[in-house]
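Anchor point for the sequence shown: position 162 equals 162 in the UniProt record's numbering, and the numbering is continuous, going up by one each time. Take a look at the structure below.
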Amino acid sequence: MTSASQQCVRRLLGRLGGCVARNAESRLSSTPSSPCGLLASRLLSNAAATPSVARAGVEGAASGFSLSRLLNDYKMLSKLKLSSLVVLTAGAGFAAASGEEIDYAKLAWTSLGTLGAAACANTLNQIYEVSNDRLMSRTRNRPLPTGRLGRVHAGAFALVCGAAGLWLLHEKANPLTAGLGAANILLYAAVYTPLKQLTVANTWVGAVVGAIPPLMGWASAAGQLDAGAAVLAAALFFWQMPHFMALAWLCKADYAAGGFRMLSMLDATGRRTALVGLRHSLYIAPVGLLAVLAGFATEPFAWESAALAAYLAYGSVQFARHPSQAAARKLFKASLLYLPLLLAALAVHRVPNQHDVDWETLGARVLACVPVAVRLQLGRACGAVEDAAAQLGDTLLANNIKCPSKAAADSEEQHPEPPPALPPTQQQVAKRK
């Protein structure tokens, strides 16, 4: 090919690229068409394209479609690592609730359904927080802040993942599991996500969200929820507090830039954040014992669980004594190590679950583990309540219940005490003489 022909081809390619770029830019700046509906138009109006977003969209359009890039964007939308951890906890609940034989086919369907529900919740979270994610260094390269994908595209992805996941849970597991999955999506996307910008209590709500997946696995295997499911959910709830407190301290500046309200932002020294993590680390200690009492794990699991809890508590103590980035990072790594080891130990020491728990026997076992001092305090409290009830019953007058202080006041009004005698005057003294 001659040099003149090469130059002609280059000019044609340049014009074609310019047309594609201008077309993509006009689409980004144009308003959504009517078929998108009012809700979609509001979502898009809240995501005004900044110059960086427009440039990213133009570059993406000019560079052409890439399947690998699209799959990577879907991976980031679904937060695949976090979703995989959710699937792991659901699988642990499934294994713990299974009988002599684990139904691996049902476990696989449950895992896929849980993955779809988790991907849906994570995508909805990013759709809501796209403007916040642009302001944070660790999230500004996600598909929505950069403009590689639009909100409508992400919403369609969330809809497909959520619908497919809940359908699998309903058809391949049972309606209870699907209901828990739907509740998890709703609680994460509609409650936890908005609360992140309103109150520091969002962390506790997020911990409830994280405690639901093991319930989903348990419900899938057993078709019901019982004491063992509550033990697993409690373990996941308490574990999340040191995990997230360490993360909140590590990303304190980023959360502040993004407009999120975390406890670490109200804690200049870090001691309060660390103590919250330490307190919940101690709450995890009896989880293994409770699992043994509930009958779905053998005794060695109690000792191994206690050792892991001590390891997590040690990291929390170090963070509380010397709040720093280094101590928070060590606690965060310890929390990441704790959970898979705990679930692996449960898989090794699990007892085939027959779901025939005798609640009276279980209550007696739990009561036997309560320290004597605590039982004495409970006894005193019950006695005080009985005394108060008896005193309140004595004040029943004319079918009108009155509190003891009110009854005493009424009694004084009905039987007033005589006024105290005044000292005699000088005239009275003189008359007496």
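Positions of the beta carbon are idealized from the N, C-alpha and C atoms, including for glycine.
Residue i to residue j span [Cα, whole Å]
i           : j      : result
Pro51       : Ser131 : Residue placement at Pro51 is flagged as unreliable, the pLDDT there being 46, under the threshold of 50; the coordinate-derived value follows with that caveat. Each residue's Cα considered, the two are about 14 Å apart.
Asp102      : Arg271 : A quick correction: the sequence has Ile, not Asp, at residue 102. So the alpha carbons of these two residues sit roughly 45 Å apart.
Ala158      : Leu186 : 13 Å
Ala97       : Gly181 : 18 Å
Val58       : Leu149 : Reliability fails at Val58, whose pLDDT of 46 lies under 50, so the model's placement of it is uncertain and the value that follows must be treated cautiously. Using only the alpha carbons, I get a separation of about 12 Å.
Leu232      : Phe319 : 26 Å
Leu39       : Tyr314 : Only weak support is given to the placement of Leu39: the predicted model assigns it a pLDDT of 36, under 50, and the value that follows is read from those uncertain coordinates. About 49 Å.
Ser324      : Asp267 : 12 Å
residue 469 : Ser83  : Residue 469 is absent from the model: the chain starts at 1 and stops at 433.
Ala207      : Phe65  : 39 Å
Gln224      : Met241 : 27 Å
Leu71       : Thr298 : 43 Å
Trp303      : Pro286 : 10 Å
Lys75       : Leu85  : 14 Å
residue 463 : Thr269 : Because residue 463 is not part of the residues shown, which for the chain are 1 to 433, the question remains open.
Ala327      : Glu100 : 43 Å
Trp204      : Pro300 : 31 Å
Leu67       : Leu339 : 34 Å
His243      : Val152 : 33 Å
Asn202      : Leu312 : 23 Å
Asn184      : Ile284 : 23 Å
Arg329      : Leu250 : 7 Å
Gly60       : Asp73  : The predicted position of Gly60 is uncertain, since its pLDDT is 49 and thus under 50; a value taken from the coordinates is nonetheless stated next. About 13 Å.
Glu129      : Pro214 : 27 Å
Ala248      : Ser78  : 21 Å
Gly228      : Arg134 : 42 Å
Ala117      : Ile212 : 12 Å
Ala347      : Leu337 : 16 Å
Leu344      : Thr177 : The sequence as given places Ala at residue 344; Leu does not occur at that position. Taking the straight line joining both Cα atoms gives about 23 Å.
Asp226      : His349 : 19 Å
Ala310      : Lys333 : 15 Å
Arg321      : Thr123 : 38 Å
Ala91       : Ala257 : First, the residue type needs correcting, since residue 91 is Gly and not Ala in the sequence shown. Taking the straight line from one Cα to the other gives about 36 Å.
Ala95       : Trp218 : 8 Å
Lys81       : Gly210 : 14 Å
Glu171      : Gly179 : 12 Å
Ala54       : Arg140 : The pLDDT assigned to Ala54 is 45, lower than 50, so where the model puts this residue is not dependable; a value taken from the coordinates is nonetheless given after this. Cα-Cα distance, rounded: 14 Å.
Leu278      : Leu331 : 10 Å
Val276      : Gln197 : 20 Å
Asp254      : Ala119 : 24 Å
Tyr104      : Val87  : 14 Å
Thr273      : Pro194 : 22 Å
Ala108      : Pro175 : 17 Å
residue 434 : Leu115 : The question about residue 434 has no answer, for the chain in this structure spans 1 to 433.
Met136      : Trp167 : 35 Å
Gly259      : Leu293 : 44 Å
Arg69       : Ala234 : 39 Å
Beta-bridge pairing of residue i - partner residues as DSSP gives them
i      : result
Arg279 : Per DSSP, none; premise fails for Arg279.
Arg138 : Looking at the DSSP assignment, Arg138 forms no beta bridge with any residue, so it has no partner.
Arg350 : Ala297
Cβ separation of residue i and residue j, assumed to be a contact under 8 Å, to the nearest whole Å
i           : j      : result
Val351      : Gly288 : No, Val351 and Gly288 are not in contact; Cβ-Cβ is about 13 Å, not under 8 Å.
Ser220      : Thr110 : 4 Å
Trp239      : Ser335 : 7 Å
residue 471 : Ser305 : Here the chain covers residues 1 to 433 and nothing more, so residue 471 does not appear.
Thr89       : Leu308 : Contact doesn't hold; Cβ gap of about 15 Å is too wide.
Ala121      : Ala189 : 5 Å
Ala199      : Arg138 : Per the sequence presented here, residue 199 reads as Thr, with Ala not at that position. 22 Å between Cβ atoms; not a contact.
Ile127      : Gly155 : 6 Å
Asn125      : Ala222 : At roughly 30 Å, the Cβ-Cβ gap does not stay under 8 Å, so Asn125 and Ala222 are not in contact.
Met216      : Gly93  : 7 Å
Lys106      : Ala173 : 7 Å
Residue i: CB within 6 Å of a non-hydrogen atom of the ligand PLP
i     : result
Val86 : Questions concerning the ligand PLP fall outside what the structure shown contains, since it holds no ligand whatsoever.
For the structure I just gave you, are there three or more beta carbon pairs, one from the stretch 140-149 and one from the stretch 158-168, closer than 8 Å? Using a C-beta cut-off of 8 Å, the stretch 140-149 makes no contact with the stretch 158-168, since fewer than three inter-stretch Cβ pairs fall below that distance.
Hey, which unbroken runs of the alpha helix (DSSP H) at 4 residues or more fall wholly within the stretch 212-292? Fully enclosed alpha helix (DSSP H) runs of 4 or longer: 227-250, 252-258, 271-283.
Entirely enclosed beta strand (DSSP E) segments - the stretch 95-176, minimum 3 residues: For the stretch 95-176, not a single whole beta strand (DSSP E) run of length 3 or above is found.
Complete beta strand (DSSP E) runs within the stretch 175-209 (minimum length 3 residues, chain order): None, since the stretch 175-209 contains no complete beta strand (DSSP E) of that length.
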